[in-house]
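The working numbering applies: residue 6 is where the sequence shown begins, and numbers increase by one.
Down below is the structure, laid out as structure tokens.
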Amino acid sequence: MILIGFMGAGKTTVAQTLSKSLNIPCYDLDKEIIKKIQMPLSDYFDKYGETQFRQLEHQFLLKYYSIPGVISTGGGCIENYANRAILKETSNVIYLKSNFETLHHRINNDKMSLRPIAKNRTTEELKALYMKRLIYYETCATYTIDTDTLNTQEVSDRIIAMI
Ligand code: S3P
């Protein structure tokens with residue numbers, strides 16, 4: 006199964022919980038990319054730019070999307086047309102949906118340097134990005150879970166009950 010959603014949606018932690026509960030492997034595409042590039046994503050963005058990162062992200066989605074297990078994607082994975090095409094044809098794509106205020110709060114509480122997409126944007130710009138991406142997440146998802154009032158374990162339990 007593949008988890009999608011905006012930054013701060015909890016994709017990584019939910020993937021880890023699902024992996025333990027279902028005893029299946031877990032792959033975090035950002036972490037796999039970091040292993041390959043051997044630098045923080047923010048350094049990669051500064052050095053090579055977003056377009057190059059999206060190409061790399063596409064290669065990693067291609068490599069992992071059909072592997073059995075739980076795959077957590079980066080929030081911008083759905084920016085790429087080819088990635089959306091892959092996700093639309095894949096079963097068990099789960100969108101962890103939250104309202105912007107919840108996500109923004111979580112993003113602000115994280116180390117901003119870890120989030121190259123958030124660090125140079127104003128709240129208004131980040132909200133515009135969120136609004137733009139909503140339709141992409143929705144059209145790519147097999148299932149959508151509203152996570153605003155749920156903790157990680159509850160989200161994971163809902164997913165297990167759904168699939
Ligand atoms: C990005 C989200 C990040 C990471 C990269 C770009 C985005 O992943 O892939 O910084 O464009 O939203 P998370 O959603 O895990 O923060």
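Glycine included, each C-beta is placed from N, C-alpha and C at the ideal position.
- With respect to ALA14, LEU108 sits close: the two C-beta atoms are nearer than 9 Å.
- Contact holds between the segment 24-42 and the segment 68-78, because three or more Cβ pairs, one in each stretch, are under 8 Å apart.
- With the rule of 3 Cβ pairs closer than 8 Å, the segment 91-98 does not count as touching the segment 113-132.
- Within its own chain, the residues whose Cβ lies closer than 7 Å to the Cβ of ILE168, once the five positions on either side in sequence are excluded, are MET6 and ASN97, listed in chain order.
- Per DSSP, the beta bridge partners of ASP151 are LYS102.
- Taking non-hydrogen atoms of the ligand S3P into account, the C-beta of ILE122 is found less than 8 Å away from one of them.
- Looking at the backbone, the Cα of ILE39 and that of CYS145 are separated by about 25 Å.
- Remark: the shortest separation between the CB of MET12 and any heavy atom of the ligand S3P falls under 8 Å.
- Of the candidates PHE65, MET136 and LYS52, the residue whose Cα lies closest to the Cα of LYS41 is PHE65.
- Taking ASP153 as reference, the option from LYS102, ARG138, GLN43 and PRO45 with the minimal CA-CA separation is LYS102.
- Contact check for ASP35 and LEU46: beta-carbon distance about 6 Å, within the 8 Å limit, so the pair qualifies.
- Between ILE140 and CYS82, the gap from beta carbon to beta carbon reaches 9 Å or more.
- Of the heavy atoms belonging to the ligand S3P, at least one sits nearer than 8 Å to the Cβ of GLY79.
- If only complete runs of 4 or more residues are kept, the segment 22-92 shows the alpha helix (DSSP H) at 34-42, 46-53 and 55-69, in order along the chain.
- With 16 or more other Cβ atoms from the protein chains shown falling within 10 Å of its own Cβ, ILE164 counts as buried.
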